[in-house]
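Read through the structure below, which is laid out as structure tokens, and then see the notes.
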Amino acid sequence: MLKAPTGVGNADGPLTNTVNHERDTLKIMAPRVKRNLAETGPDTYRSIENRGDFLEAVDMALREREVALDLEADSMYHFRERVCLIQMAFRDRIFIIDPLTIQDMSPLKTLFYDPDIKKVLHGADYDVRSLYRDFDIDIRNLFDTQIACRFLGIQETGLDTVLKKRFNLKLNKKYQKKDWSKRPLPKNMVAYAAGDMSYLLPLAHQLENELSDLDRLSWVQEESELLSKVRPPNENNEPLFLKFKGAGRLRPRGLAVLEALLQSRRQIAERKDRPLFKIIGNDAVLKISKARPVTLKRLEGIGALSAKQISMFGEELIRAVTEAMALPKHRLPEYPRKRPPAQKPKVPKRVQAIRIWRDKTAEKFDLDPAVLCNKALMTAIAARNPHRMSEFNDIEDMRNWQKENFGEEILAALRKNR
Numbered sequence: 419m420l421k422a423p424t425g426v427g428n429a430d431g432p433l434t435n436t437v438n439h440e441r442d443t444l445k446i447m448a449p450r451v452k453r454n455l456a457e458t459g460p461d462t463y464r465s466i467e468n469r470g471d472f473l474e475a476v477d478m479a480l481r482e483r484e485v486a487l488d489l490e491a492d493s494m495y496h497f498r499e500r501v502c503l504i505q506m507a508f509r510d511r512i513f514i515i516d517p518l519t520i521q522d523m524s525p526l527k528t529l530f531y532d533p534d535i536k537k538v539l540h541g542a543d544y545d546v547r548s549l550y551r552d553f554d555i556d557i558r559n560l561f562d563t564q565i566a567c568r569f570l571g572i573q574e575t576g577l578d579t580v581l582k583k584r585f586n587l588k589l590n591k592k593y594q595k596k597d598w599s600k601r602p603l604p605k606n607m608v609a610y611a612a613g614d615m616s617y618l619l620p621l622a623h624q625l626e627n628e629l630s631d632l633d634r635l636s637w638v639q640e641e642s643e644l645l646s647k648v649r650p651p652n653e654n655n656e657p658l659f660l661k662f663k664g665a666g667r668l669r670p671r672g673l674a675v676l677e678a679l680l681q682s683r684r685q686i687a688e689r690k691d692r693p694l695f696k697i698i699g700n701d702a703v704l705k706i707s708k709a710r711p712v713t714l715k716r717l718e719g720i721g722a723l724s725a726k727q728i729s730m731f732g733e734e735l736i737r738a739v740t741e742a743m744a745l746p747k748h749r750l751p752e753y754p755r756k757r758p759p760a761q762k763p764k765v766p767k768r769v770q771a772i773r774i775w776r777d778k779t780a781e782k783f784d785l786d787p788a789v790l791c792n793k794a795l796m797t798a799i800a801a802r803n804p805h806r807m808s809e810f811n812d813i814e815d816m817r818n819w820q821k822e823n824f825g826e827e828i829l830a831a832l833r834k835n836r
């Protein structure tokens with residue numbers, strides 16, 4: 419069995435003392451409000467839009483052993499996306515917290531960082547990154563139900579599909595792509611946000627029991643702990659074309675034009691507070707960068723933009739292209755070509771040996787082979803060519819559950835191919 423995340427169950431550790439102190443502080447801060455949040459009942463929800471109710475809701479959550487969480491954001495409507503709602507559920511209570519109204523979300527840090535309270539989310543990667551980006555929130559003791567589904571061999575792991583099969587719940591996706599930053603939010607959108615929250619904890623209980631029966635619960639706990647540490651990418655001064663599909667096929671002059679267009683699009687999007695794709699789509703950007711128009715007439719002739727787009731920011735784009743075309747040759751960018759490290763002749767043979775073992779084992783365990791051991795890890799193991807269990811510790815991305823449960827089998831597969 420894997421060890422629990424650092425600090426879990428350690429009643430005497432400094433982290434726990436800090437959390438307990440902050441819990442007490444929250445109890446003092448939470449005012450006595452006229453309406454009792456504890457009256458929230460089954461299949462109902464409470465909208466939290468003021469600091470008093472917020473502090474009381476957090477204080478109630480801090481008394482629980484597990485809390486289900488979700489969030490809604492506005493990535494399709496603004497240049498910089500924001501968390502617009504935080505849904506929180508435990509027992510028979512559901513709270514819909516409005517961070518745009520309350521603004522100071524710091525009391526949530528105590529809840530999310532408490533290692534004694536399990537946080538249940540489904541597909542938590544985006545949520546973990548967003549909470550850290552917007553509120554500097556770290557999550558401890560995460561249990562991701564989507565990861566749990568994968569380790570049970572469930573192929574369709576979307577929450578709507580899982581809840582339909584297990585609880586016969588049909589979710590209405592009507593509001594999934596709406597603008598969650600609008601205020602006031604229509605009641606039906608808030609109700610949608612609350613719709614699946616009462617099912618997350620029962621789902622987690624089912625999955626945990628099934629994983630325990632298969633001795634795989636510790637696998638999911640380790641994967642969930644690693645997921646809780648992901649962070650949003652840092653914004654840096656690297657060229658934008660490095661993250662643009664198709665840039666690697668352009669010559670230096672084309673890259674310069676592409677970069678100028680991407681920078682111009684970014685400036686327009688930030689000024690208008692719109693997402694990049696609502697200014698100009700990637701296909702249109704690539705088409706313009708290849709055509710390199712230096713007049714509005716030529717830009718119109720490409721057919722990449724609508725008349726409205728050309729009217730709104732055609733001149734800015736022409737200016738960007740013109741400046742890029744004027745760059746001297748020695749200032750043109752080069753697309754970095756990463757050559758894969760030279761492999762020893764026997765590495766591909768070892769990869770194949772691991773793949774054969776993996777595919778047979780995945781079939782036996784009724785798992786997607788990539789869940790058991792993905793291509794990158796197979797290659798890393800083959801390159802390291804371990805001869806004993808301790809050497810697996812040199813392979814950075816190899817999990818404890820993989821070493822403990824399958825290390826000897828992998829060594830045996832490698833011994834046959836040395």
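Just remember that my numbering sits 418 ahead of the position in the sequence shown, which is counted from 1. Note that CB positions come from ideal geometry on N, CA and C, so glycine has one too.
Going by DSSP, which residues form a beta bridge with residue i?
i: L679; result: Looking at the DSSP assignment, L679 forms no beta bridge with any residue, so it has no partner.
i: L489; result: I504
i: E484; result: K536
Where do the ends of the beta strand (DSSP E) carrying residue i lie?
i: D562; result: L560 to D562
i: S465; result: R464 to I466
i: K536; result: K536 to L539
i: F513; result: R511 to I515
Specify, as a first and last residue, the run of the alpha helix (DSSP H) that residue i falls within.
i: I379; result: Given a span of 419 to 836 for the chain in the structure shown, any question on residue 379 remains unanswerable.
i: I799; result: K793 to R802
i: L714; result: L714 to I720
i: I557; result: I557 -> no alpha helix (DSSP H), and no H or E assigned at all.
i: L790; result: P787 to L790
i: F659; result: That residue, F659, is in no alpha helix (DSSP H); it is neither H nor E in DSSP.
i: E499; result: Looking at the DSSP string, E499 is not in any alpha helix (DSSP H), and its letter there is neither H nor E.
i: F810; result: First-last for F810: undefined, no H or E at that position.
i: Q770; result: V765 to F783
i: I857; result: Outside the displayed range of the chain (419 to 836) lies residue 857, so it cannot be described from this structure.
i: D477; result: R469 to A479
i: K821; result: N818 to R833
i: F530; result: P525 to Y531
Could you check whether the Cβ of residue i sits closer than 9 Å to any Cβ belonging to chain C?
i: D777; result: Of the protein chains in this structure there is only one, and it is not chain C.
Among the options, which has the Cα closest to the Cα of residue i?
i: F783; options: Q624, D578, L644 and L632; result: L632
i: I706; options: G732, R684, L660 and Q761; result: G732
i: S407; options: N559, A738 and R755; result: What the structure shows of the chain is the stretch from 419 to 836, and residue 407 is not part of that stretch, so it cannot be assessed.
i: P693; options: R464, A486, R500 and R481; result: R500
i: T563; options: E734, G613, L581 and Q521; result: L581
i: R601; options: E688, H623, E467 and M816; result: E467
i: S642; options: C567, P604, N590 and R683; result: C567
i: K536; options: E626, E484 and D786; result: E484
i: F561; options: D614, D516, A622 and Y544; result: A622
i: K762; options: T797, L518 and E628; result: T797
i: K596; options: I512, K663, L503 and G576; result: L503
i: M816; options: E640, K696 and I728; result: E640
i: R737; options: S465, N627 and L717; result: L717
i: L518; options: L619, E628, P759 and S465; result: S465
i: R474; options: L570, F513 and Q521; result: One detail in the question is off: residue 474 reads as Glu in this sequence, not Arg. Looking at the Cα atoms, F513 is the closest of the given residues.
i: S729; options: R773, Y544 and I697; result: I697
i: R634; options: A830, L829, Q820 and Y617; result: Q820
i: W839; options: L589, R833 and R755; result: In the structure as shown, the chain begins at 419 and stops at 836. Residue 839 is therefore absent and cannot be evaluated.
i: H496; options: V638, T713 and S599; result: S599
i: H843; options: E574, P525, A794 and D554; result: Outside the displayed span of the chain (419 to 836) sits residue 843, for which this structure offers no information.
i: G613; options: L589, L625 and P620; result: L589
i: G666; options: E482, K756, D552 and Q521; result: K756
i: D701; options: I720, Q685, A542 and I686; result: I720
i: Y753; options: F569, K663, V712 and L487; result: K663
Can you determine whether any heavy atom of the ligand GTP sits closer than 8 Å to the C-beta of residue i, and answer yes or no?
i: D532; result: In the structure shown, the ligand GTP is absent, as is every other ligand, since no ligand is present at all.
Next on the checklist: Can you confirm whether the segment 796 to 814 touches the segment 761 to 770 when touching is taken to mean that 3 or more C-beta pairs between the two stretches lie within less than 8 Å?
Outcome noted: The answer is yes - the segment 796 to 814 touches the segment 761 to 770, with three or more Cβ pairs under 8 Å.
Checklist entry - Counting pairs of beta carbons, one from the segment 573 to 589 and one from the segment 642 to 649, are three or more of them closer than 8 Å? => result Pairwise C-beta distances place the segment 573 to 589 out of contact with the segment 642 to 649, as fewer than three of them are shorter than 8 Å.
Next on the checklist: Between the segment 713 to 729 and the segment 522 to 542, can you find at least three pairs of beta-carbon atoms closer than 8 Å?
Outcome noted: No: the two stretches stay apart, fewer than three of their Cβ pairs being nearer than 8 Å.
Next on the checklist: Please give the ranges of any alpha helix (DSSP H) in the segment 561 to 648, keeping only runs that are unbroken, at least 4 residues long and fully inside the region.
Outcome noted: Runs found: 563 to 568, 577 to 585, 605 to 612, 615 to 631 and 635 to 645.
Checklist entry - Is the segment 480 to 498 close to the segment 541 to 548, with three or more CB pairs under 8 Å? => result Touching, yes, given that three or more Cβ pairs across the two stretches are closer than 8 Å.
Item to check | Segment contact flag, the segment 820 to 828 with the segment 773 to 793, C-beta cutoff 8 Å, min 3 pairs | outcome: Contact annotation: the segment 820 to 828 touches the segment 773 to 793, with at least three C-beta pairs closer than 8 Å.
Item to check | Touch test, the segment 744 to 760 against the segment 669 to 677, Cβ-Cβ under 8 Å, three pairs minimum | outcome: Contact between the segment 744 to 760 and the segment 669 to 677 is present: three or more C-beta pairs spanning the two stretches fall below 8 Å.
Checklist entry - Does the pairing of the segment 501 to 508 with the segment 467 to 485 give three or more beta-carbon distances under 8 Å? => result Touching, yes.
Checklist entry - Per the contact definition of three or more C-beta pairs closer than 8 Å, is the segment 674 to 683 in contact with the segment 653 to 661? => result Remark: three or more beta-carbon pairs, one from each stretch, lie closer than 8 Å, so the segment 653 to 661 and the segment 674 to 683 are flagged as touching.
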